[in-house]
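Notes to accompany the following structure.
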Amino acid sequence: MTYLRKNLIVLSVVFMMLLTVFGGSLNINALENNSVTSRAIESYTKEYVVGCGEIGYSRVKLTIKHNMTTGKSWIVSVKHTDTVYPQYVTGKINSVSTDPAIGKYFSGVISLKIDVHYQNAGEELTATQYFRL
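Under this note's numbering, the letters of the sequence shown match residues 1408 to 1540, in that order.
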């Protein structure tokens, strides 16, 4: 009888722990101090290729979050992988910037501007492309 009672107590404690962990509140404070369930924010990535004249190209990967409750989106991170063709030994891709910038809110369908700043033979150049987001 004590074995059954002991197992019942253990199962009750485990059940209460599971209920607390999975049945608790899933609310988080969003960026505007609104209480929003965490399931209402989705994250996705987009990848674009921006040509840098004759010297090569940059593959830009954006991580974007979208709040389905408010309809607002924002860019979380911008990462780029650069390819400079070997015949351009003085070519170098410096940085990538976007408009809207990282962390800036936007809503609806927008035109995303990606600027890739690069140099060739000491000359500073910028490649700009627009994408529908």
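Heads up, the beta-carbon is just placed ideally off N, CA and C, and yes, glycines get one too.
Beta carbon of residue i nearer than 8 Å to that of residue j
i	j	result
residue 1520	residue 1533	no
residue 1498	residue 1527	yes
Euclidean distance between Cα positions of residue i and residue j
i	j	result
residue 1536	residue 1448	28 Å
residue 1523	residue 1478	29 Å
residue 1501	residue 1451	25 Å
residue 1517	residue 1508	13 Å
residue 1411	residue 1420	14 Å
residue 1458	residue 1424	54 Å
Spatially closest choice to residue i from the options, by CA coordinates
i	options	result
residue 1512	1454, 1491, 1481	1481
residue 1510	1492, 1472, 1529, 1530	1472
residue 1494	1483, 1463, 1502	1463
residue 1503	1412, 1413, 1456	1456
residue 1539	1529, 1453, 1459, 1487	1453
residue 1491	1483, 1424, 1460	1460
residue 1467	1529, 1488, 1483	1488
Boundaries of the beta strand (DSSP E) in which residue i is found, first to last residue
i	result
residue 1534	1530-1539
residue 1494	Taken as a continuous stretch (DSSP letters only), residue 1494 belongs to no beta strand (DSSP E), as it is neither H nor E.
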